[in-house]
Amino acid sequence: MNEEDWLMRKLAASILALALLVLSAVPAFGAVDQGKLKEIKALTQEMNSIKTQIIDKEVEAGILDQTKAEKIKNAMQERQQRIEQDIDKGEFHGFGHKKGCGRKTSNAQKTE
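Read in the working numbering, the sequence shown has 103 at position 100, and its numbers run on one by one without any break.
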């Protein structure tokens, strides 16, 4: 057996070992701790409640008008419902849509 064959076998064995290592780690990454998801759900509910209180205080302070505050709170409630549905399915996507800071949408010039 020459040196080139030996190197090819060594490379193949290394790739096979790496593939087995990666495949054996997949179940560990796929396992979701339901207790932790419940904690996350409770924290997101608490965060939503606090944000709602802040909006109410902004209305009281005259920073926001009631109509705009209601729109914001309705949007927050819809988002909270989607988050809770995802968590109930065992999914958690973190914060935002991961599209970067300052991303401009096609309706960025929209006026209110």
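Idealized CB from N, CA, C, for every residue including glycine. Please read all numbers here as calculations on a predicted model, not as lab measurements.
Looking at the secondary structure, which residues open and close the alpha helix (DSSP H) in which K41 lies? To locate residue 41, count along the sequence shown from 1; it is residue 38. Taken as a continuous stretch (DSSP letters only), the alpha helix (DSSP H) holding K41 covers 37 to 64.
Tell me the rounded alpha-carbon separation between K92 and Q84. Reading the sequence shown from its first residue, position 89 is the one you call residue 92. Reading the sequence shown from its first residue, position 81 is the one you call residue 84. Rounded to the nearest angstrom, the two C-alpha atoms are 12 Å apart.
So, helix, strand or coil for K13, using DSSP? Taking the first residue of the sequence shown as position 1, residue 13 is located at position 10. In the structure shown, K13 adopts helical secondary structure according to DSSP, grouped into three states.
Once the 5 residues before and after E87 are set aside, which same chain residues still bring their CB inside 7 Å of it? The residue given as residue 87 occupies position 84 in the sequence shown. Taken in chain order, the residues that qualify are K44.
Can you tell me whether I66 is buried or exposed, with buried defined as 16 or more other CB within 10 angstroms of its CB? Taking the sequence shown and counting its residues from 1, the one referred to as residue 66 is at position 63. When all chains shown are included, I66 counts as exposed.
Does the pairing of the stretch 10 to 26 with the stretch 75 to 82 give three or more beta-carbon distances under 8 Å? Look at the beta carbons and you see the stretch 10 to 26 not touching the stretch 75 to 82: under three pairs across the two are nearer than 8 Å.
Buried or exposed (CB count within 10 angstroms, at least 16 for buried), I90: To locate residue 90, count along the sequence shown from 1; it is residue 87. Classification for I90: buried.
What does the alpha-carbon distance come out to for the pair E42 and E49? For the purposes of this step, residue 42 is identified with residue 39 of the sequence shown, where counting begins at 1. For the purposes of this step, residue 49 is identified with residue 46 of the sequence shown, where counting begins at 1. Roughly 11 Å separates the two Cα atoms.
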